[in-house]
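Below you'll find the structure, written out as structure tokens, and then a few comments.
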Amino acid sequence: MGLLVKRTPAQHLGEPFAMITNRCSGSAEAVFAVLPSQLLVEAADPFLLLSDTVRHVCAGTAARTMAQAIIHPIDTIKTRLQVTAPAKKLQRWQQRVRDNPVDFYVANRRVVHTRNWLIRGPKDVYRGLTGAVLGTIPTAILYFATYEWCKARLEARKAPSAVTHLASASAGAVMSAFIRVPTDTVKHRVQAYMETNVFLGAHHIVTSEGVRGLYQGLLPTLLRDVPEIAIQFALYEKLRKEVEGRRGYAKLHTWEHLLLGGFSGACAATATMPLDFAKTTIQCGSVQPVSQVLQAALQEHGPAGLFRGMTPRVCQTAIMSAMFFTLFEFWKAQLKPHHQRASTDRLLEPKIWHKRRDHVWKRQFVQN
């Protein structure tokens, strides 16, 4: 018995593919051909079964989750700086941070003077990480699914590229906010020592404030995320195309994605800083509306009050954007079927992946 193939028209599958069938006794097939070895390899590639949309959603979800885990300590520090009515434990943390600075000396000369954010150890700044990761996965799935859905329909209507990206990103931000806001509320309260962990925190908020308590900060989140994502994606796409247009090949190196993504994220974070301050303040217990939160900060601290926690916020967003765009391009390349991968996709992979290591094995284990 041999393996036979019935070819399916390309318009149904989007690319040449083969459906493997067995020749059963007494049955007749319309068109058969012996399956070539190349098609056997392609049929064994699981990524062939995924559409471009599914691959992009998977790549975006993986990139967003990994980037969120990397920048979580910075997010914790930013949250603790923005809380206007800190709990007693947070007040003690803030006092210890101020009283125990860290100095770095070179040739008996102080070159760095900063606060000791790790005064309670590295584990302390990872409070709320479980909630951050568990919330990021469904949020990213919903965001990128909405983004790809809107993008496909706008492109079908011949909408301009800038309008397509901005509208799709904004729609994704609005839809994903209904999952992101509850997880952010719980995460921020754990980071600010208001709750012990995300599960007990969620239970306490629901029992004491109702489900509505989980959605505190929904309005400032939408007011912040829509322009932030729009600025971030639009600026990144503009810079990427500008760099690619000056080069002889389209793919950028990993360090170029890091730089462009980081710069785009820093610009977006700076522009939306007051709204991020209002969002964190409301999610950590303030019952005032957005306008009153901003007005109170202005009266008490002046314009600088609207930018509390700006340094860690800009660093957080810049690092996360750099990591996200780099990992997003990396995972998109990794999820491509083997026969669709271009030689330039190797620019996104660590160089050590392509080094031959057989000589190392021989040198260590083979005796001459």
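FYI, the working numbering numbers position 323 of the sequence shown as 980, with every residue one higher than the one before it. We treat Cβ as the ideally placed atom computed from N, Cα and C, and that holds for glycine.
Assuming residue i and residue j form a contact by the criterion Cβ under 8 Å, report the distance between their Cβ atoms to the nearest whole angstrom.
i, j, result
"Phe-982", "Leu-917", "7 Å"
"Ala-826", "Phe-890", "5 Å"
"Gln-873", "Thr-736", "Not really, about 14 Å apart at Cβ, beyond 8 Å."
"Ala-834", "Leu-875", "7 Å"
"Thr-793", "Gln-725", "5 Å"
"Leu-951", "Pro-931", "6 Å"
"Phe-801", "Thr-722", "Actually they are not in contact, since the Cβ atoms of Phe-801 and Thr-722 sit about 12 Å apart, beyond 8 Å."
"Ile-731", "Cys-972", "6 Å"
"Leu-791", "Val-782", "That belief does not hold up - the Cβ atoms of Leu-791 and Val-782 are roughly 18 Å apart, past 8 Å."
"Met-851", "Gly-942", "7 Å"
"Pro-877", "Val-947", "5 Å"
"Thr-710", "Glu-812", "Contact flag wrong, Cβ pair sits at about 12 Å."
"Glu-894", "His-822", "6 Å"
"Val-883", "Leu-871", "At roughly 20 Å, the Cβ-Cβ gap does not stay under 8 Å, so Val-883 and Leu-871 are not in contact."
By the DSSP assignment, the alpha helix (DSSP H) with residue i in it spans what residues?
i, result
"Asp-760", "Segment 759-763 is the beta strand (DSSP E) holding Asp-760; no alpha helix (DSSP H) there."
"Val-754", "745-756"
"Trp-774", "First-last for Trp-774: undefined, no H or E at that position."
"Asp-732", "709-739"
"Ala-809", "786-813"
"Ser-921", "911-928"
"Val-900", "875-902"
Is the beta carbon of residue j closer than 7 Å to that of residue i?
i, j, result
"Lys-844", "Gly-778", "no"
"Met-980", "Ile-727", "yes"
"Gln-606", "Thr-929", "No answer is possible for residue 606: the residues shown for the chain start at 658 and end at 1025."
"Ala-789", "His-729", "yes"
"Thr-796", "Arg-837", "yes"
"Ala-975", "Leu-963", "no"
"Trp-988", "Ala-809", "no"
"Gln-751", "Thr-842", "no"
"Asn-773", "Val-763", "no"
"Gly-922", "Ser-865", "no"
"Leu-984", "Ala-720", "yes"
"Arg-712", "Leu-892", "no"
"Thr-787", "Val-855", "yes"
"Arg-846", "Gly-858", "yes"
What does DSSP give as the partner residues of residue i in its beta bridges?
i, result
"Thr-968", "Bridge partners of Thr-968: none, in fact."
"His-958", "Answer by DSSP bridge pairing: none, since His-958 is not bridged."
"Val-769", "Phe-761"
Given 6 Å as the limit, tell me if residue i has its C-beta closer than that to any heavy atom belonging to the ligand COA.
i, result
"Pro-946", "In the structure shown, the ligand COA is absent, as is every other ligand, since no ligand is present at all."
Check your understanding: What residue ranges within the segment 816-870 form continuous alpha helix (DSSP H) runs of no fewer than 4 residues, ordered along the chain?
Key -> If you keep only unbroken alpha helix (DSSP H) runs of at least 4 residues inside the segment 816-870, you get 818-848 and 855-866.
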